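Have a look at the structure below before the remarks.
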Amino acid sequence: MDDAEEGPDADGRARLDALAALVLDLVADGHGERDLGALALRDTAGGYRRADELVLPEGLLRGLVDPDGPLGVLDPAVAGAHPRHALIAVGVLDGFAVLRDDAPAGPDHDLDDEETWWAEEVDPAADHGGDGPDPGPLVAVRDLELVADDRWDAAWPVLAADREVREALGGARPVEAAGDTGPWPYTAWWLGRHGRLAGQPPTAWRLPGATAVEGLYDPVPDDVAARLDPAFLAAVGVRTEARVRCAEDAADLLARLADSARTVPPARAAAAHAALAEAVAAGRVAVADVDPPDRVRTADGGVRDAAPGRAVPPRSSTAPSSSRCSRPRRWCCPARATPRCSPTCSIWRRPPSGCA
192 MDDAEEGPDA
202 DGRARLDALA
212 ALVLDLVADG
222 HGERDLGALA
232 LRDTAGGYRR
242 ADELVLPEGL
252 LRGLVDPDGP
262 LGVLDPAVAG
272 AHPRHALIAV
282 GVLDGFAVLR
292 DDAPAGPDHD
302 LDDEETWWAE
312 EVDPAADHGG
322 DGPDPGPLVA
332 VRDLELVADD
342 RWDAAWPVLA
352 ADREVREALG
362 GARPVEAAGD
372 TGPWPYTAWW
382 LGRHGRLAGQ
392 PPTAWRLPGA
402 TAVEGLYDPV
412 PDDVAARLDP
422 AFLAAVGVRT
432 EARVRCAEDA
442 ADLLARLADS
452 ARTVPPARAA
462 AAHAALAEAV
472 AAGRVAVADV
482 DPPDRVRTAD
492 GGVRDAAPGR
502 AVPPRSSTAP
512 SSSRCSRPRR
522 WCCPARATPR
532 CSPTCSIWRR
542 PPSGCA
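Just so you know, my numbering puts the end of the sequence shown at 547, numbered straight through with nothing missing.
Quick look at the structure:
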């Protein structure tokens, strides 16, 4: 690519075109080395770009990415002169590219927001001076951040139909075999946080049959459920249960619990608070990272202000307590109440007046 970046003259352009043709012919015949992404190819603007920075003129990706983004479009004349499989083999993009690393050592793969994912999912213990688990092989879809904001509806079927993408959603396993107890694979994490499904992050919806979170989350719209299978939707973050993965999840769930327009039966409210407590106990959420709610869901399923007083963080574990009420040191739901100390399920609360 060095010669191309210097703005070649006519002779230089002819040499670059001849070199590209030679390499593509060799690749088409089954020869050539891997990692040819730096091969200089002509784009539609009349310049030269790396092969792995170009999309095919009729490729699936062209209609999904922002036209003002960093990817260029391969010159149609070049695309027409060489087999499609040879162009893809040197790195020209048709659909989404998938990278693989059998032994990742850190967030150094130039993936969007990779450092945040690594800190939250792979090595959350690093913030506390601990050693994280072996992350295992990394299979990740790159360039997801280049999808145009208004093209997500078209992007989802492309992603769902790609076998390598589905592998990336489940780590090194098919989506259908992926569990929900381990770290969220990068691709699933990114799509769950940054993708837009019917205008919302996938995590804002639930599967139609996910009754465990009915009331807290609305089901995906019917047209989405008709186009995308449940296993794929669950893999990208559509809710199947009340699970809290990070502080943003906790704040969102607390806001939903505080929404009086939502009908949440007591059992589901209790399960949601149990999920919040589990996230704190597991170290995925720090209480200090979540603002206290102004309204709370009570044990009978109702919603009331967090009064008396504004909700505040709990005091230290050495704070005294009385037989009538206690200062919670973690998310909890009191087992019983007196007339002066109501059974409010909440992350934080200030004890009613008269309670020590």
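All C-beta atoms in this analysis are idealised placements derived from N, C-alpha and C, irrespective of residue type, glycine included. Fair warning: this is a prediction, and the values are worked out from it, not measured in the lab.
Check: Thr235, DSSP secondary structure in three states; Outcome: coil
Check: 8 Å Cβ shell around Ala212 - same chain, five flanking residues per side excluded; Outcome: Ala272, His273
Check: Residue burial classification, Pro456 (beta-carbon count within 10 angstroms, cutoff 16); Outcome: exposed
Check: When Gly493, Leu445, Ala461 are compared against Asp485, the one with the closest alpha-carbon; Outcome: Leu445
Check: Backbone CA spacing between Leu382 and Val427 [nearest angstrom]; Outcome: 6 Å
Check: Local Cβ density within 10 Å of Ala359, reported as buried at 16 or more and exposed below that; Outcome: buried
Check: C-alpha distance - Asp257 paired with Val338, whole-angstrom precision; Outcome: 6 Å
Check: Rounded straight-line distance, which links the Cα of Asp301 to that of Ala462; Outcome: 38 Å
Check: Beta-carbon contacts of Ala433 that lie in its chain and below 6 Å, excluding the five residues immediately before and after; Outcome: Val404, Ala462, Ala463, Ala466
Check: Beta-bridge pairing of Tyr408 - partner residues as DSSP gives them; Outcome: Glu405
Check: Delimiting residues of the alpha helix (DSSP H) encompassing Asp216; Outcome: 201–219
Check: Beta bridge counterpart(s) of Trp396 as assigned by DSSP; Outcome: Asp409
Check: Pair within 8 Å by beta-carbon distance, Asp234 and Val214; Outcome: no
Check: CB contact flag (Val281, Leu227, <8 Å); Outcome: yes
Check: Which of helix, strand or coil DSSP assigns to Asp266; Outcome: coil
Check: Element boundaries [alpha helix (DSSP H), containing Asp569]; Outcome: Lying before the first or after the last residue shown, residue 569 is absent from the chain, which here runs from 192 to 547.
Check: Backbone secondary structure at Pro511 - three-state DSSP; Outcome: Caution applies to Pro511, whose pLDDT of 35 falls short of 50 and renders its modelled position unreliable; the value that the coordinates give is listed next. Pro511: coil per DSSP, three-state reduction.
Check: Proximity below 8 Å, CB of Ala219 to CB of Leu232; Outcome: no
Check: Beta-carbon proximity of Pro410 to Pro399, cut-off 8 Å; Outcome: yes
Check: DSSP state of Leu252 mapped onto helix, strand, coil; Outcome: coil
Check: Burial state of Gly237 (16 or more Cβ within 10 Å); Outcome: exposed
Check: Separation of Ala401 from Arg384, as counted between CA atoms; Outcome: 20 Å
Check: Unbroken alpha helix (DSSP H) run spanning Leu227, endpoints; Outcome: No alpha helix (DSSP H) contains Leu227, which DSSP labels as neither H nor E.
Check: Proximity test, Ala331 beta-carbon vs the ligand NAP heavy atom, cut-off 7 Å; Outcome: Questions concerning the ligand NAP fall outside what the structure shown contains, since it holds no ligand whatsoever.
Check: Trp308 versus Pro298: straight-line alpha-carbon distance, rounded; Outcome: 8 Å
Check: First and last residue of the uninterrupted alpha helix (DSSP H) at Asp485; Outcome: Run containing Asp485: none; DSSP gives neither H nor E here.
Check: Cβ shell of Thr509 (< 7 Å), same chain only, five flanking positions each side left out; Outcome: Caution is warranted here: a pLDDT of 38 is assigned to Thr509, below 50, making its placement in the model unreliable, and the coordinate value is therefore given only provisionally. Excluding positions up to five away in sequence, the list is empty.
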